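Protein chains in written order, with this note's numbering: chain A, 4 to 350; chain B, 4 to 350.
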């Protein structure tokens, strides 16, 4: 990534200002992969079916509700980038989406989220237990898809990613409300809960194209850094997004006492009454109605959003650099643009 | 199974009377497989480790707390029955136990509606969130163990079982409080949530021994029928067990409005006020403190426990018959005894 916008311009003005030029990078990638994505959507609907009616009902609530399909797109895109000409990427992309959806369903239980993707969360509609069990079904079904595909290497990559995701989520749970959480631990959390699946989704594209280890590692590296940037931005948006565009309430992380990057920055800079504020609201989870506004004020003061985005941009730069191992092509360009887009998105 | 006790003797007298001769069948099987089971326990402890401390802590709460290890024992036993002389059964037995433990952890997750009815959750120590996520970790780790083992056939069997378990659990959820639930649907539920993993655990033993399809199918059939019997007895015990021996409170299924076999029998036999009782307590979930006692009275009247055990014994007979394909051996005898033991156990 050469033409990165300098950190000074990455603050709230970027989130609240005019639409950045890279905003539709994801749309362009989707268009490039239209045929494969359509096939993936068909595979998703076909393979989430079950004689137990509640399963497709509840799964459809998330899987078929028209999410961005970012993770499966990465598998489709990296397969294309590597010149793969078969059809295995389709069911493996579906498999990646199933794993992602399973974690969303389980995350709904965990976070007691009210809103997910702009509509009532599956949890709110169907209850905790159904979310857990349908998540389990999708997870198991993902492994059945991989077994049908027949590659032990793909199974190795995605089972390892699945274990790492769970570890990241548990680590996040143990850091909740813990003011001693270090930046290092925060990065461990997001590497596990988010970046690991991005990395695996990208690596799989290279593996099925039978590319050399160095190229598979480069794809993995791109996905990992992209995932880190993506989650950093997500965590920044939870304190700065346009609520209508984001499609979910802001301040969720604050209410749950999550030690995300903007909070870590704020705590590090806080003294006196401000430090006491964070100890009370995040450390002890004692919050009043006006606390979120106060928190937002403290964050603006230290440009927490801008600094989060600068951090994310470093990952974007690294992600794009990893792709330099591949010759220039429309797909390489599209993947680089998607990475740059992560720090420009507002939803 | 030739010397099966006739159904007439299988009622409460069996559950409340003297220790049946077959009670220690599981102990004998455990002794026969002592070395492999010890190795399995080591594998379990080694592979549930994680840098995220809460994972081994919580997993140990269940995995390492000295359960009966019935399911992994089945993998060890069937491998031995088939003359398998390698070591793969050890990690695959651990894998089966991980899948089982994951389902237990997820089964602990309760809906708020259930909590409101005053039912204490078994995961009170760690909470819903951690139970879900550590279950996910164990599930993913189980697949990593299978990938290390390297057999796509084993992966196929256990990923299919995992999907079927989730389907069974969801089906159970949708039949909860539904008085229209048929006996057929109840059997579908227990085949999914319980018998599928017993079947898979047994089949894997034959697969790693590279036995012919007919023998693998026989092992699968034995496991399936054993699992059906096991769950039928479990459901009967929830209304008739010695609470101290069972190690858990009885009446849990009643409070949760589960349509288990004893309830189905009772509803089918009920008229007038008795029918209204079931509609209120199970159908609408409106229960008072004395309702469980009343329910137990109705069940005694129709010998619900005896009839449940008779049904279970039919599955036991079928399970033992499936093993006739193998020549007689101490291990075949032990497996048949374990099957017979399921309808004699009181805890």
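All C-beta atoms in this analysis are idealised placements derived from N, C-alpha and C, irrespective of residue type, glycine included.
This one's a predicted model, so the numbers in the text were calculated from it and none came from an experiment.
Open item on the list: Rounded to the nearest angstrom, what separates residue 345 (chain A) and residue 232 (chain A) at their Cα positions?
Closed with: Taking the first residue of the first chain as 1, we reach residue 345 (chain A) at position 342. Taking the first residue of the first chain as 1, we reach residue 232 (chain A) at position 229. Between residue 345 (chain A) and residue 232 (chain A), the C-alpha separation is close to 7 Å.
Task: For residue 76 (chain B) and residue 161 (chain B), the rounded distance between their alpha carbons - done: Start at 1 with the first residue of the second chain, and residue 161 (chain B) comes out as number 158. Start at 1 with the first residue of the second chain, and residue 76 (chain B) comes out as number 73. Approximately 16 Å between the Cα atoms of the pair.
Task: Cβ-based contacts, 7 Å cut-off: residues of the segment 158–171 of chain B near chain A - done: 158, 159, 162, 163, 165, 166, 169, 170
TODO: Could you check the C-alpha separation between residue 34 (chain A) and residue 286 (chain B) for me, to the nearest Å?
DONE: Start at 1 with the first residue of the first chain, and residue 34 (chain A) comes out as number 31. Start at 1 with the first residue of the second chain, and residue 286 (chain B) comes out as number 283. Each residue's alpha carbon lies about 51 Å from the other.
Open item on the list: According to DSSP, simplified to helix, strand and coil, what is residue 143 (chain A)?
Closed with: The sequence position of residue 143 (chain A) within the first chain is 140, counting from 1. Here residue 143 (chain A) sits in helix by DSSP.
- [ ] Report yes or no: is there a C-beta of chain A within less than 8 Å of the C-beta of residue 187 (chain B)?
- [x] For the purposes of this step, residue 187 (chain B) is taken as residue 184 along the second chain, with counting starting at 1. Not one chain A Cβ lies under 8 Å of residue 187 (chain B).
TODO: Taking C-beta pairs closer than 9 Å, name the residues in chain A that residue 44 (chain B) reaches, listed in chain order.
DONE: Position 41 of the second chain, counted from the start, is the residue given in the question as residue 44 (chain B). Residues of chain A passing the Cβ test: none, with the nearest at roughly 21 Å.
- [ ] Compute the distance between the beta-carbons of residue 230 (chain A) and residue 178 (chain A), then report whether it is under 8 Å.
- [x] Residue numbering aside, residue 230 (chain A) sits at position 227 when the first chain is read from its first letter. Residue numbering aside, residue 178 (chain A) sits at position 175 when the first chain is read from its first letter. No, the pair does not count as a contact, with Cβ atoms beyond the cut-off.
TODO: Determine whether the Cβ of residue 142 (chain A) lies closer than 8 Å to any Cβ atom of chain B.
DONE: The residue you call residue 142 (chain A) lines up with position 139 of the first chain. Taking Cβ atoms only, chain B reaches closer than 8 Å to residue 142 (chain A), which makes this a yes.
Task: Distance between residue 132 (chain B) and residue 303 (chain A) (C-alpha atoms, nearest Å) - done: As a working mapping, residue 303 (chain A) is identified with position 300 in the first chain. As a working mapping, residue 132 (chain B) is identified with position 129 in the second chain. Using only the alpha carbons, I get a separation of about 32 Å.
- [ ] In the DSSP assignment, find the unbroken alpha helix (DSSP H) run with residue 284 (chain B) in it and report its ends.
- [x] The residue you call residue 284 (chain B) lines up with position 281 of the second chain. First-last for residue 284 (chain B): undefined, no H or E at that position.
Task: Nearest to residue 100 (chain B) (by Cα), restricted to the options B:112, B:83, B:70 - done: As a position in the second chain, residue 100 (chain B) is number 97, starting the count at 1. The shortest C-alpha separation from residue 100 (chain B) is found at B:70.
Task: Rounded straight-line distance, which links the Cα of residue 74 (chain A) to that of residue 103 (chain A) - done: Counting from one through the first chain, the residue named residue 103 (chain A) turns up at place 100. Counting from one through the first chain, the residue named residue 74 (chain A) turns up at place 71. Distance between the alpha carbons of residue 103 (chain A) and residue 74 (chain A) is about 8 Å.
Open item on the list: I need the DSSP call for residue 306 (chain A), collapsed to helix, strand or coil.
Closed with: Numbered from 1 along the first chain, position 303 holds the residue referred to as residue 306 (chain A). Residue state, collapsed to three classes: coil.
Task: Residues, ordered as in the chain, of the segment 291–320 of chain A that lie near chain B by beta-carbon distance below 9 Å - done: none
Open item on the list: Do residue 257 (chain B) and residue 295 (chain B) count as a contact pair if the criterion is CB distance below 8 Å?
Closed with: By 1-based counting over the second chain, the position of residue 295 (chain B) is 292. By 1-based counting over the second chain, the position of residue 257 (chain B) is 254. It is a contact, given that the beta carbons lie within the stated cut-off.
- [ ] Could you tell me the boundaries of the alpha helix (DSSP H) in which residue 194 (chain B) lies?
- [x] Within the second chain, numbered from 1, the residue matching residue 194 (chain B) stands at position 191. Note, residue 194 (chain B): premise wrong, no alpha helix (DSSP H); not H, not E.
TODO: Enumerate, from N- to C-terminal direction, the unbroken alpha helix (DSSP H) stretches of 4 or more residues contained entirely within the segment 156–214 of chain B.
DONE: 186–193, 199–211
Task: Inter-residue spacing [alpha-carbon to alpha-carbon] between residue 260 (chain A) and residue 182 (chain A) - done: Here residue 260 (chain A) refers to the residue found at position 257 when the first chain is read from its first residue. Here residue 182 (chain A) refers to the residue found at position 179 when the first chain is read from its first residue. Straight-line Cα distance between these residues: approximately 10 Å.
- [ ] At 7 Å on the CB atoms, spell out the chain A contacts of residue 351 (chain B), in chain order.
- [x] Any answer about residue 351 (chain B) is impossible in this case: the structure gives chain B only from 4 up to 350.
- [ ] Compare the beta carbon distance of residue 367 (chain A) and residue 135 (chain B) with 8 Å and say whether it is the shorter of the two.
- [x] Outside the shown range of chain A, which is 4 to 350, sits residue 367 (chain A), and nothing can be said about it.
Open item on the list: By the DSSP assignment, the alpha helix (DSSP H) with residue 218 (chain B) in it spans what residues?
Closed with: In the second chain, residue 218 (chain B) corresponds to position 215, counting from 1. Segment 216–240, the alpha helix (DSSP H) holding residue 218 (chain B).
Open item on the list: Can you tell me whether residue 331 (chain B) is buried or exposed? The criterion is at least 16 other CB atoms within 10 Å of its CB, across all chains shown.
Closed with: Looking up residue 331 (chain B) in the second chain gives position 328. By the beta-carbon neighbour count (other beta carbons within 10 angstroms, threshold 16), residue 331 (chain B) is exposed.
- [ ] Compute the minimum distance between the beta carbon of residue 198 (chain A) and the heavy atoms of the ligand COA, and state whether it is under 7 Å.
- [x] This structure simply doesn't include the ligand COA, nor any ligand for that matter.
TODO: Report the neighbours of residue 133 (chain A) on chain B: residues whose CB is nearer than 8 Å to its CB, in chain order.
DONE: One-based indexing of the first chain puts residue 133 (chain A) at position 130. Correct list: 173, 176.
- [ ] Whole angstroms is fine: what's the gap from residue 138 (chain B)'s alpha carbon to residue 186 (chain B)'s?
- [x] As a first step, residue 138 (chain B) is located in the second chain; it is residue number 135 there, counting from the start. As a first step, residue 186 (chain B) is located in the second chain; it is residue number 183 there, counting from the start. Going from the Cα of residue 138 (chain B) to the Cα of residue 186 (chain B) covers about 30 Å.
Open item on the list: Applying the 10 Å Cβ sphere with the 16-neighbour rule, what's the burial state of residue 209 (chain B)?
Closed with: As a first step, residue 209 (chain B) must be located in the second chain, where it is residue number 206. Residue 209 (chain B) is buried by the Cβ-count criterion.
Open item on the list: What would DSSP say about residue 132 (chain B), mapped onto helix, strand or coil?
Closed with: On the second chain, position 129 is the one that residue 132 (chain B) refers to. Residue 132 (chain B) falls in the helix class under three-state DSSP.
Open item on the list: Between residue 2 (chain B) and residue 322 (chain B), how many whole angstroms is the CB-CB distance? I'm expecting something under 8 Å.
Closed with: Since the first and last residues shown for chain B are 4 and 350, residue 2 (chain B) lies out of range.
Open item on the list: Which residue marks the beginning of the alpha helix (DSSP H) containing residue 252 (chain B), and which one marks its end?
Closed with: Taking the second chain and counting its residues from 1, one reaches residue 252 (chain B) at position 249. Residue 252 (chain B) -> no alpha helix (DSSP H), and no H or E assigned at all.
- [ ] Taking C-beta pairs closer than 7 Å, name the residues in chain B that residue 230 (chain A) reaches, listed in chain order.
- [x] On the first chain, residue 230 (chain A) is found 227 positions in, with the first residue counted as 1. Per Cβ cutoff of 7 Å: no residues; residue 230 (chain A) is ~17 Å from chain B at best.
Task: 8 Å Cβ cutoff, residue 153 (chain A) in contact with chain B - done: Within the first chain, the letter at position 150 stands for residue 153 (chain A). Chain B contact via Cβ: present.
Task: Buried or exposed (CB count within 10 angstroms, at least 16 for buried), residue 56 (chain B) - done: Here residue 56 (chain B) refers to the residue found at position 53 of the second chain. Looking at its Cβ environment, which holds fewer than 16 other Cβ atoms inside 10 Å, residue 56 (chain B) is exposed.
Open item on the list: Considering only their Cβ atoms, is the gap separating residue 195 (chain A) from residue 167 (chain A) smaller than 8 Å?
Closed with: In the first chain, residue 167 (chain A) corresponds to position 164, counting from 1. In the first chain, residue 195 (chain A) corresponds to position 192, counting from 1. The answer is yes: Cβ separation under 8 Å.
Open item on the list: How far does the alpha helix (DSSP H) with residue 106 (chain B) in it extend, from its first residue to its last?
Closed with: Here residue 106 (chain B) corresponds to residue number 103 of the second chain, with the count starting at 1. Counting along the chain, the alpha helix (DSSP H) containing residue 106 (chain B) begins and ends at 91–111.
Task: Other residues of its chain near residue 266 (chain B): CB distance less than 7 Å, five sequence neighbours each side excluded - done: Taking the first residue of the second chain as position 1, residue 266 (chain B) is located at position 263. Around residue 266 (chain B), the same chain offers 285 as residues with beta carbons nearer than 7 Å, after the five sequence neighbours per side are excluded.
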